[in-house]
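Undergrad: The sequence shown begins at 95 in our numbering and counts up by one.
Ideal Cβ placement from N, Cα and C applies to all residues, glycine included.
It should be emphasised that the depicted structure is a prediction, and the values quoted were computed from it without experimental measurement.
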Amino acid sequence: KYIPPKKGKKHILRIIRELIDLRPENRGTNISEALRYLTNIQKKRTTAFIISDFIDEGFSDALRIANHKHDVIALQLCDQREAELPNIGLIKLRDAETNRNIWVDTSNRKIREQYKNSWLDAEKTLSETFTRVGVDHAKICTDKDYVKPLLKLFKQR
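Spelled out as structure tokens, the structure:
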């Protein structure tokens, strides 16, 4: 959702209220589309926070272009439970974005290792993308305090 930039405490409270009340309109993530929208709609240079899990592909060009025009900051939301498959036998997983189901034997050590390695590779690629296009970013995990990564991000800026 796009919230036009403004100054003041009232605006910050509006943003917080919008985040709390947010109900996604669809399941798919299209970061490129959101970045293109930002680039086209916001004419004056602004600081834009992109809050996402960034589980999407092909958005690096749109991110680079948006960051060239604006000061883009990426806040990556993560759930550490997504990093590893638990060893609990045969489970049915559903992709929240495509709604497709798949059966996975989590008791198979190789499958768990492949999953974890795939997740780590995706995290590394994402971090490299942010660095390559010059976007400051912070990773905020649901099982940890969000203040520390935000403070670190803003101290680095």
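(1) Taking only the alpha-carbon atoms, compute the straight-line gap between Asn-134 and Ala-190 and give it to the nearest angstrom.
(2) Using only the alpha-carbon positions, how far apart do His-105 and Val-198 sit?
(3) What first and last residue would you give for the beta strand (DSSP E) that runs through Leu-184?
(4) What distance in whole Å lies between the Cβ atoms of Ala-168 and Leu-132, which are believed to be in contact at a cut-off of 8 Å?
(5) According to DSSP, is Phe-143 helix, strand or coil?
(6) Taking only three categories from DSSP, how would you classify Val-198?
(7) I need the boundaries of the alpha helix (DSSP H) containing Ala-128, first residue and last residue.
(8) Quick one: using the 10 Å Cβ neighbour count with 16 as the cut-off for buried, is Gln-174 buried or exposed?
(9) Tell me, please, whether the region 133-152 touches the region 193-211 by the rule of three or more beta-carbon pairs shorter than 8 Å.
TA: Result, derived from the coordinates:
(1) 29 Å
(2) 45 Å
(3) 184-188
(4) Not a contact, Cβ separation roughly 13 Å.
(5) strand
(6) strand
(7) 125-135
(8) exposed
(9) no
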